[in-house]
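Worksheet for the structure shown next.
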Amino acid sequence: MSLLKIVDLHKKYGNLEVLKGVSFTLEQGETKVVIGPSGTGKSTLLRCINRLSPPGAGEVWLDGVEVTDSKANINELRAEMGFVFQSFNLFSHLTALRNVRIGPIKVKGMNKDAATKLAMEELERVGLTDKVNAYPAQLSGGQQQRVSIARALAMSPKLILFDEPTSALDPELIGEVLTVMINLAKEGMTMLVVTHEMGFARAVADEIIFMENGVIVEQGTPSQMFSNPQHKRTGEFLHKINELYGESD
Amino acid sequence: MLLAGVRINIELLFALLVLGLLVGTLVALLQVYGGRFFGTLASGYAWIFRSIPAIVLLFLFYFGPSEFGVNIPPFFAAALALGLRSSAYQSQIFRGALQAIPHGQMMAARSMGMSRTRAIFLIVIPQAFRISIAGWSNEFSSVVKDTTLAYVVGLNEVLRKVRIITDRHYDLAMLAYLTVALIFLVLTYAGNWSLGRLEKRLQIPGLQMMRGGTREV
Amino acid sequence: MAFDWAWLPLLAHGLILTIEITVTCIAFGFVLGVILALMRVYGGKWLSIPASIYIQIFRGTPLLVQLLMVYYGLPSWGISLSAFVSGVLALGLNTAAYQAEYLRGAIQAVKSGQLLAARSMGMTMPQAARYVVLPQAFRIVIPSWSNELILMLKYSSIVFSVTLLDLMGVGKRIASHNFRYFEVYVVVALFYLALVFIITQLLRLLEKKVHIPGLGEHAES
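Chains as they are written, first to last, in the numbering used here: chain H, 39 to 287; chain X, 15 to 231; chain R, 293 to 513.
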């Protein structure tokens, strides 16, 4: 049974149909990268998966439980999915440490000491032990995003959704975040990542999904997609992206 | 009968707003352009008249002079007390507006040979006036309701009328107060609406100020 | 024209009552204000509209009318409240409406991403409001709230009109006994000025103390 199953997802904003029937699966331990031109519904897709944006039609299944069921306990399900935002969205009034441990304490009911220990571990995992008592405003963009990843990890999620995690970062800060993400993938975390970073995709993606105009145009392994794309558009897009963003490790 | 009382409230409203406008503008100009001495004096004036409760001011202006044998009629005492108080609040609004006008405006005016005074009156004040309207309508709402305070110095305004009614018909008290409340709701809305229209009519594209959220400053 | 030192202890008593009334009505107003603000922002139609109506009514009608209505009007409907309760109630209901509006503005100033992040990790709406939105909103609202506190301190003086012996009430009594209106009211005014000054400084200290770097109306992107 797949960890994540998306079945024929549709989503409209007013008269504009942003998702026109998207289906795919994600197995445990896999890392899949979603690419495509802006405005093709990639972010919307992620937000539909954890129902931050309710889908118009279609189903989302997490480990055998239907997320899109109106009777589902959405808070429990969300606690099992990590979400990393493009604009980080760290809680501005809490230090890094408190940001990471508030989820385990308030949502999972962990006791404070255990949660603090866990939070310290996760912050160490992303390389920020020396910034645990800093407030978000005192951290660089790259540091904030790493805290936000630690925050997602602290919930021990079954998978993590990444919504263009590096798009809001200055170029020199992108590397530190990608490094953390690559390590996560190698450690076996299940990840669904929307990004333009082709270097990342080539390094750890099990599959690349190319979306345009609300539908999946093509999906395949990185080597397939880059060297032998089936669709003309895929090749064009990959070529353009490679030009703009180049390789990054 | 209540409406006759309301008429007095409205007359008081106009009197005090005009006084507040004139003195307030003067104080604001002194604060921004008056140099250290007059600026501090103006700021001090504004602080004092904003920090003393309206009631205390009313009593001071009405009863105070009587100790020296001077009897000021309630209307004038109230207009003076509330007017000067309003001038303090209005001065803060105008000051904010004056300071919001980019310094470049003044520089351009002076560069073409205008004296400082002319630049202020021809360039800065007209713009400041327009951006003040939003904040001024906050003051307006506040002051409309404050006219009822003149009741305590015996002015024959609407609350005194209510007293007269309730003295005779005790059981109508609640109803009378509700009616007065309703009248003021209408007054406040009418006033705000008119000021909103005025603001739109006078609006210059590109010239705006952040609307203040606080009731008074 | 002379000032009598004997007035001071009397005025001091009045001062204490003034402070009591102000603190009580502000506290009451705060609790009610938070409830109203939450109703306005997070309640559906059925909660936010009544809250809005309440706020419009209490902000749109004069405070003195509200006070007299509670003290003189309610008895005609069979409800008789003591002067102190009437005063605190009327002032409290009034300030609640203003505080609700300031708080609403503050809640809406908290960036929406904060709420998204909280919900994404599985927090319920009440949890998100309590642990993420409100802590930030309370800090953002401090300037407006301080303003309201000072305002209520001054407006508390109207309770003299329902027989309460607050600072103003005491002053009026002294003045009507010895007809030295001018001196008495000047002293009363000075008391209020001192009070306003001290409380303003205290509030500034408070604001500094709970300040969090990066949190405020001038928050970046």
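Just so it is clear, CB atoms sit at the ideal spot from N, CA and C, and this is done for glycine as well.
Quantities reported herein were computed from a predicted structural model and do not represent experimental measurements.
Own chain, CB closer than 6 Å to residue i, minus 5 neighbours either side, in chain order
i          : result
Met-223(X) : With a pLDDT of 48 at Met-223(X), under the threshold of 50, the modelled position of this residue cannot be trusted; read the value that follows with caution. So the qualifying residues of the chain are Ala-114 and Ile-145.
Asp-287(H) : Low per-residue confidence applies at Asp-287(H): pLDDT is 37, beneath 50, and the placement is therefore not dependable enough to give any value.
Gly-365(R) : none
Val-231(X) : Low confidence applies here, because Val-231(X) scores a pLDDT of 25, under 50, leaving its location unreliable; read the following figure in that light. Closer than 6 Å at Cβ, skipping near neighbours: Gln-106.
Thr-69(H)  : Ala-223, Met-229, Val-242, Ala-243 and Asp-244
Gly-226(H) : Gly-67
Val-37(X)  : Ser-101
Gly-168(X) : Pro-88
Ala-511(R) : A caution first: Ala-511(R) carries a pLDDT of 39, below 50, which makes its placement in the model too unreliable to give a value.
Met-148(H) : Pro-142
Gln-268(H) : Glu-256
Residues bridged to residue i (per DSSP)
i          : result
Ile-73(H)  : Phe-248(H)
Tyr-51(H)  : Leu-54(H)
Val-336(H) : Because chain H in this structure spans residues 39 to 287, residue 336(H) falls outside the shown range and cannot be described.
Thr-63(H)  : Lys-43(H)
Leu-199(H) : Phe-121(H) and Leu-230(H)
Val-200(X) : Paired residues: none, contrary to the question.
Val-103(H) : Leu-100(H)
Close-in-space but distant-in-sequence residues of the same chain around residue i (CB under 8 Å, 5 per side omitted)
i          : result
Leu-27(X)  : Val-157, Val-158 and Thr-161
Gly-19(X)  : Asn-170, Glu-171, Val-172, Leu-173, Arg-174, Lys-175 and Val-176
Leu-166(H) : Ala-134, Gln-181, Arg-184, Val-185 and Ala-188
Ala-142(X) : Phe-108, Ala-111, Leu-112, Ala-114 and Ile-115
Ala-382(R) : Leu-355, Gln-358, Leu-359, Met-361, Val-362 and Tyr-363
Beta-carbon spacing of residue i, residue j below 9 Å
i          : j          : result
Gly-379(R) : Val-323(R) : no
Val-326(R) : Ala-392(R) : yes
Tyr-184(X) : Val-357(R) : no
Gln-26(H)  : Asp-201(H) : This structure cannot settle anything about residue 26(H), because the visible part of chain H is limited to 39 through 287.
Tyr-173(H) : Ile-504(R) : yes
Ala-388(R) : Gly-321(R) : yes
Ala-92(X)  : Leu-201(X) : no
Phe-77(X)  : Phe-474(R) : yes
Gly-120(H) : Leu-197(H) : yes
Met-249(H) : Ile-73(H)  : yes
Gln-183(H) : Val-255(H) : no
Leu-441(R) : Ile-491(R) : yes
Leu-44(X)  : Gly-53(X)  : yes
Asp-151(H) : Gly-180(H) : no
Gly-97(X)  : Ala-42(X)  : no
Val-166(X) : Phe-73(X)  : yes
Ser-91(H)  : Gly-506(R) : no
Lys-58(H)  : Asn-266(H) : no
Val-71(H)  : Ala-190(H) : no
Val-377(R) : Val-402(R) : no
Leu-209(X) : Phe-135(X) : no
Leu-282(H) : His-234(H) : yes
Lys-43(H)  : Gly-94(H)  : no
Val-103(H) : Ile-87(H)  : no
Val-479(R) : Leu-303(R) : yes
Sequence-distant residues of the same chain with beta carbon closer than 7 Å to residue i, five excluded per side
i          : result
Lys-464(R) : Phe-452
Thr-314(R) : Met-444, Leu-445 and Ser-448
Ala-117(H) : Val-145, Lys-146 and Met-193
Proximity test, residue i beta-carbon vs the ligand MG heavy atom, cut-off 8 Å
i          : result
Val-164(H) : Inclusion of the ligand MG in the displayed structure is not the case, the ligand content being empty and no account of it being possible.
Range of the contiguous beta strand (DSSP E) that encloses residue i
i          : result
Lys-256(H) : One point to set straight first is that residue 256(H) is Glu, not Lys, in the sequence displayed. From DSSP, the beta strand (DSSP E) with Glu-256(H) extends over 253-258.
Unbroken alpha helix (DSSP H) run spanning residue i, endpoints
i          : result
Ser-155(X) : 139-160
His-469(R) : 459-470
Asn-111(H) : It is not in any alpha helix (DSSP H) - Asn-111(H) carries neither H nor E in the DSSP assignment.
Met-306(X) : Nothing about residue 306(X) can be read from this structure; chain X reaches only from 15 to 231.
Glu-440(R) : 426-447
Lys-80(H)  : 80-87
Met-158(H) : 150-163
Trp-297(R) : Counting along the chain, Trp-297(R) falls outside any alpha helix (DSSP H), and DSSP gives it neither H nor E.
Leu-373(R) : That residue, Leu-373(R), is in no alpha helix (DSSP H); it is neither H nor E in DSSP.
Exercise for review: For the region 132-160 of chain X, enumerate the residues whose C-beta is nearer than 7 Å to any C-beta of chain R, in chain order.
Suggested key: Lys-159
Review point. Of all the residues that make up the region 391-405 of chain R, which are near chain H by a beta-carbon distance shorter than 7 Å?
Key: Gly-405
**Study point:** Proximal residues, the region 330-355 of chain R versus chain H, C-beta separation under 7 Å
**Key:** none
Check your understanding: What residues in the region 110-143 of chain H have a beta carbon less than 7 Å from any beta carbon of chain R?
Key -> Asn-113, Glu-114, Arg-116, Ala-117, Phe-121, Phe-123, Ser-125, Asn-127, Phe-129, Ser-130, His-131, Ile-140 and Gly-141
Review point. What residues from the region 188-207 of chain H come within 7 Å of chain R, judged by C-beta to C-beta, listed N to C?
Key: Met-193
Review point. Mind listing which residues of the region 361-379 of chain R have their C-beta closer than 8 Å to chain X's C-betas, in chain order?
Key: Met-361, Tyr-364, Gly-365, Leu-366, Pro-367, Ser-368 and Trp-369
Review point. Of all the residues that make up the region 436-452 of chain R, which are near chain X by a beta-carbon distance shorter than 9 Å?
Key: Ser-436, Asn-439, Glu-440, Ile-442, Leu-443, Leu-445, Lys-446, Tyr-447, Ser-448, Ser-449, Ile-450 and Phe-452
Practice item. Can you give me, in chain order, the residues of the region 54-71 of chain X that have a beta carbon less than 8 Å from any beta carbon in chain R? Key: Ile-62, Ser-65, Ile-66, Pro-67, Ala-68, Ile-69, Val-70 and Leu-71
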